[in-house]
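Visitor: Structure provided below as structure tokens; questions to follow.
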Amino acid sequence: MVDSTGGGPSDRITLTGLTARGFHGVFAEEKRDGQDFTTDVVVHLDAAPAAAGDDLARTVNYAQVAETVLGVITGESLDLIETVADRIARTLLAEQPVATAVEVTVHKPHAPIEADFADVAVTVFRSRT
2 MVDSTGGGPS DRITLTGLTA RGFHGVFAEE KRDGQDFTTD VVVHLDAAPA
52 AAGDDLARTV NYAQVAETVL GVITGESLDL IETVADRIAR TLLAEQPVAT
102 AVEVTVHKPH APIEADFADV AVTVFRSRT
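For the sequence shown, the tail end lands on 130 under the working numbering, and the numbers increase by one without skipping.
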């Protein structure tokens, strides 16, 4: 028998690999030329009410989450990907009332580093409590 009385914080909606061109960085060429940023988002929620009623209004709309992420990435130029990740997380919490917490990872695979590397990423976790 499955307990359907509550999902709780272990329920998650995950979006992986949202990619858009942004103009974030501390160097003039980053702000001028831009580069691709990839974002992963985990939204924590109680999915049981939505599942019980098959009701989109009682869950997180992942299409809206994607739109928000892409809007921040392509929006105002910021110096730090820490700020980009924080802005995404705080905006998602403001826009998605069912979300109890969000984890946002912003990848900057073309960061100006004089070495061979696969990725630079910053992950932030923000919650309502």
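C-beta atoms are modelled at their ideal positions from N, C-alpha and C, and glycine is treated no differently.
Comparing C-alpha positions only, which one of Arg88, Gly76, Val105, Ala119 sits nearest to Phe24?
Guide: Of Arg88, Gly76, Val105, Ala119, the residue nearest in Cα terms is Gly76.
Visitor: Considering only the alpha carbon of each residue, which of Ala67, Val43, Ser11, Leu71 lies closest to Val103?
Guide: Val43
Visitor: Spell out a yes or no on whether the region 42-60 and the region 112-123 are touching, meaning 3 or more CB-CB pairs, one atom from each, closer than 8 Å.
Guide: Contact between the region 42-60 and the region 112-123 is absent, because fewer than three Cβ pairs lie under 8 Å.
Visitor: Please work out which residues of its chain come closer than 6 Å, Cβ to Cβ, to Thr17, disregarding the five sequence neighbours upstream and downstream, and give them in chain order.
Guide: Asp41
Visitor: By the 10 Å Cβ neighbour count, where 16 or more other Cβ atoms means buried, how is Asp4 classified, buried or exposed?
Guide: Interpretation of Asp4 is limited by its pLDDT of 43, a score under 50 that renders its predicted location unreliable; no figure is taken from the coordinates.
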